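The numbering of the sequence shown is the working numbering, which starts it at 15 and goes up by one.
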Amino acid sequence: MNSLLIFLSSLADTDTNTKEEKRQHTFLIYIGILMSSGAVLWGSISIVYGLYFQSIVPFAYIIITIFNYIYMFYTKDFNKSQALQLFISIILPFLFQLSLGGFVSSGAVVLWSLLAIFASFTYKKNKEIMVWLFLFIFLIIASGLLDSTVIVFAPDIQYHISITFFVINIILVSGIIFTLFYYFVGSEKKLRLSLEENLLYVKKAQKSLVEGEKMASLGRLVSGVAHELNTPIGVGVTAASHQYKSCINFFKLYEQKNVKEKDFIKFLDVSRSSSKLILENLEHAANLIKSFKLISVDKSSDYLSKINVKEYLNSIVLSLNNMFKKTKHKVEIICPDDYVINFKATLLTHMITNLIENSIIHGFENIESGLILIKINNDDKNFKIFYSDNGVGLSSEGKVKFFEPFYTTKRYKGCSGLGAHVIFNIVSNSLNGEISIVEQKCVGLAFQINIPLEGKNNV
């Protein structure tokens, strides 16, 4: 029986239907099945009382419903089947009541048309629902006006039998309405719980992806620093190796007591140039390591630390030097030299890194010389960052969707579409600040970032 109900409830379903649409299909089909059960009862009562002509109406309802469901199963045309089912559900009870002689003799069998009103909720628009409601009201008024006319056709039924009909109709219609309402509310509750679970899952997945993008940003930073370190260290090793060989050769000449002035001068010249080269490259590597240590991430990344903003920003830019290496792009930082704040420095690293990456990857595409401006306004209460580039800018759609997760114009070029959302998440959620796109008179893209320096997340 359960398998049959499942089959019947899915007659109109397709793979493209949503859960809500499938629920509407099931609701309408159940109404047709329950009304057909009532039609069987009333058709049988009519035959028992010898009302063969009148019994045509309820049995006609059953036959039309069966053919309608068959049509719905094969065509999946729910809209037409829906309209037909509602029409016979509201019209045939009215006609059946007229054939029985009106309200009293039929036990107000037109009450069955109420189920059509419930079935009309399978429509998505309130306007369509109201059409069926007005039709029902019209039929009730018509029944009242015609009652005195059709009463002459009423069969010879005793008073207590008419009362029994009233009781049957009221109980059955009320019971069906309660059953449908119970189903509707239960389905609504299950759907809501399912949506809440899905929403929770999506939020967790989104949070995980955002955190993943943060770590990916850090990974790119580490990779860039490692690449930058590789060059000075490599040069230093080569220079040290060259100086070592020079020392070995000079030492052999010394042992042979064959050191000439030109050999000594050559040795000193190689030692001086090699030492200078080693010192310069080691200093460059030391500066890179110092910058990386300054912006490194660990488990305490959410802790406050006192930073000199200009020095810190320069360290971030220096650590990203690998991105600018083969370009003519430049970064200009305008900030007071003595501007020191207590801040979650790691979050500032993520934010600036993602902004610069966005400018280079998206803004400076097909642009040879790009300029990035980072301007800091000295404010005791707010940390204000104005960031701009002279790149290609954003389209109208891009300005609306820029901070949305997964929005990117380079999805098939390895971009996740999470970089801008990471920036928004850091500013809005982690730092309780605001970030907005600033309209530029010229080309490019600009942001205004305001972060409060008084509060639990900052000073």
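Glycine included, C-beta positions come from ideal geometry on N, C-alpha and C.
Every value quoted in this text rests on a predicted model; they were computed, and no experiment measured them.
Three-state secondary structure (DSSP) of residue i
i	result
Ala299	helix
Asn391	strand
Gln257	helix
Asp2	Nothing can be reported for residue 2: it is not among the residues displayed for the chain, which extend from 15 to 473.
Leu55	helix
Asn31	coil
Leu308	Residue placement at Leu308 is poorly supported in this model, since its pLDDT is 49, which falls under 50; the coordinates still yield a value, given next. The answer is helix: DSSP assigns Leu308 an H, G or I state.
Phe378	coil
Asn396	strand
Leu385	strand
Lys320	strand
Asn356	strand
Glu418	coil
Thr245	helix
Thr341	coil
Leu282	helix
Gln270	coil
Lys290	helix
Asp351	coil
Leu475	Outside the displayed span of the chain (15 to 473) sits residue 475, for which this structure offers no information.
Leu7	Since the displayed the chain opens at 15 and closes at 473, residue 7 lies outside it and no answer follows.
Lys276	helix
Lys36	helix
Proximal residues to residue i (C-beta, below 6 Å), its chain only, five neighbours per side dropped
i	result
Thr89	none
Ser60	Gln68 and Ser69
Lys455	none
Ile516	Because the chain here runs from 15 to 473, residue 516 falls outside it and cannot be looked at.
Trp56	Pro72
Ile374	Met337
Ser383	Lys342
Span of the beta strand (DSSP E) around residue i
i	result
Lys344	Lys344 to Ile348
Leu4	Only positions 15 to 473 of the chain appear in this structure, which leaves residue 4 out of reach.
Asn464	Leu459 to Pro466
Glu371	Taken as a continuous stretch (DSSP letters only), Glu371 belongs to no beta strand (DSSP E), being part of the alpha helix (DSSP H) at Ala359 to Asn372.
Ser450	Glu448 to Val452
9 Å Cβ cutoff met for residue i and residue j
i	j	result
Thr178	Gln38	no
Gln68	Leu114	yes
Asn322	Ala253	no
Ile190	Leu129	yes
Asn464	Glu453	no
Gly250	Ile292	yes
Ile390	Phe400	yes
Leu109	Val166	no
Ala133	Phe87	no
Gly377	Gly412	no
Lys358	Tyr326	no
Tyr197	Phe41	yes
Gly458	Ser410	no
Lys33	Ser208	yes
Leu147	Ile131	yes
Asn356	Ser319	yes
Leu186	Gly46	no
Ile348	Ile381	no
Phe278	Phe264	yes
Ser176	Ser119	yes
Leu267	Lys274	yes
Bounding residues of the alpha helix (DSSP H) (the contiguous stretch that carries residue i)
i	result
Gln96	Phe92 to Leu114
Gln68	Tyr66 to Thr89
Phe132	Leu128 to Ala133
Val414	Ser410 to Lys415
Ala122	Note, Ala122: premise wrong, no alpha helix (DSSP H); not H, not E.
Lys324	Val323 to Ser333
Phe438	Gly433 to Asn439
Contacts around residue i, its chain only, beta-carbon distance under 7 Å, and the 5 residues preceding and following it disregarded
i	result
Asp351	Lys324
Lys339	none
Ile330	Ile309, Thr363, Ile366 and Thr367
Asn82	Ser95, Leu98 and Gln99
Phe438	Phe417 and Ile449
Tyr426	Because the pLDDT at Tyr426 is just 47, under 50, the model does not fix this residue reliably, and the point stays unresolved.
Gly116	Asp161, Val164, Ile165 and Ala168
Ser50	Tyr75, Ile76 and Thr79
Own chain residues within Cβ distance below 8 Å of residue i, not counting five before or after
i	result
Phe416	Leu408, Ala434 and Ile451
Gln257	Val284, Ser285, Ser288, Ser289 and Ile292
Minimum Cβ-Cβ distance from residue i to chain C less than 9 Å
i	result
Thr40	The structure shown contains no chain C, having only a single protein chain.
Segments of 3+ residues assigned as beta strand (DSSP E) that fall wholly inside the stretch 137-218: none
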